[in-house]
């Protein structure tokens, strides 16, 4: 979508390594409303122009959570990270403070042995010493307007995700890049 309003075209970078995927582009950076649509679904500024854009509910980006627990976005004046561990801590604090919330999440935790957390509801500013933020800033300095970094887990889960990503990128038809 970033290239739709770009006056001189749009450049795309896909850079995959075992520890992360970088997706960067030139074109129109995220707006405040665009970032808000990631946190609050179905409030995308693209809804008014559905004919011009792919996606308009802020839901598509959430699919990256199947690959990473800490997506980072550096775009325009914004640098944010969504962190599953921080989201879980927020839910744990709420459950400890409010019995009504604990009654809802406790059966889930007991059944799955993990805390339910709406990761995209808890954006935060990455600290300046964040490795991925430094990498995103380096790509921004090379002329990219938006850089998204998806750090991969260590171990077997990360290995499986890396193999899945690699396969999907290899199978990606060049015609898909027209969108």
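Residue numbers (the numbering used here): 59 to 237. Cβ atoms here follow ideal geometry from the backbone N, Cα and C, with glycine treated the same way. All values reported here derive from a predicted model rather than from experimental measurement.
Report the residue from the options whose alpha carbon sits nearest the alpha carbon of residue i.
| i | options | result |
| --- | --- | --- |
| residue 200 | 79, 83 and 74 | 83 |
| residue 175 | 162, 130 and 203 | 162 |
| residue 209 | 177, 126 and 94 | 126 |
| residue 119 | 215, 194 and 88 | 88 |
| residue 122 | 212, 79 and 193 | 79 |
| residue 134 | 194, 225, 154 and 70 | 194 |
| residue 75 | 220, 226, 227 and 231 | 220 |
Just mark residue i as buried or exposed, buried being the case when its beta carbon has 16 or more other beta carbons within 10 Å.
| i | result |
| --- | --- |
| residue 197 | buried |
| residue 229 | exposed |
| residue 203 | buried |
| residue 166 | exposed |
| residue 85 | buried |
| residue 129 | buried |
| residue 224 | exposed |
I'd like the list of long-range same chain contacts for residue i, defined as Cβ closer than 8 Å, with 5 residues on each side in sequence excluded.
| i | result |
| --- | --- |
| residue 181 | 93, 96, 97, 138, 139 and 140 |
| residue 233 | none |
Within the continuous beta strand (DSSP E) that includes residue i, where are the two ends?
| i | result |
| --- | --- |
| residue 127 | Residue 127 -> no beta strand (DSSP E), and no H or E assigned at all. |
| residue 73 | 70 to 75 |
| residue 80 | 78 to 83 |
| residue 139 | 136 to 140 |
| residue 167 | Per DSSP, residue 167 belongs to no beta strand (DSSP E); it is in the alpha helix (DSSP H), 157 to 170. |
| residue 208 | 204 to 209 |
Considering only residues of the same chain and omitting the five flanking positions on each side of residue i, which have a CB-CB separation below 6 Å?
| i | result |
| --- | --- |
| residue 171 | none |
| residue 207 | 78, 80, 130, 190 and 194 |
Over the uninterrupted alpha helix (DSSP H) stretch that includes residue i, give me the two end residues.
| i | result |
| --- | --- |
| residue 97 | 90 to 97 |
| residue 191 | 189 to 199 |
| residue 215 | 213 to 229 |
Does residue i have its Cβ less than 9 Å from a Cβ in chain B?
| i | result |
| --- | --- |
| residue 212 | In summary, chain B is missing from the structure at hand, where a single protein chain is found. |
The segment 144 to 164 / the segment 185 to 193 touching (three or more Cβ pairs under 8 Å): no
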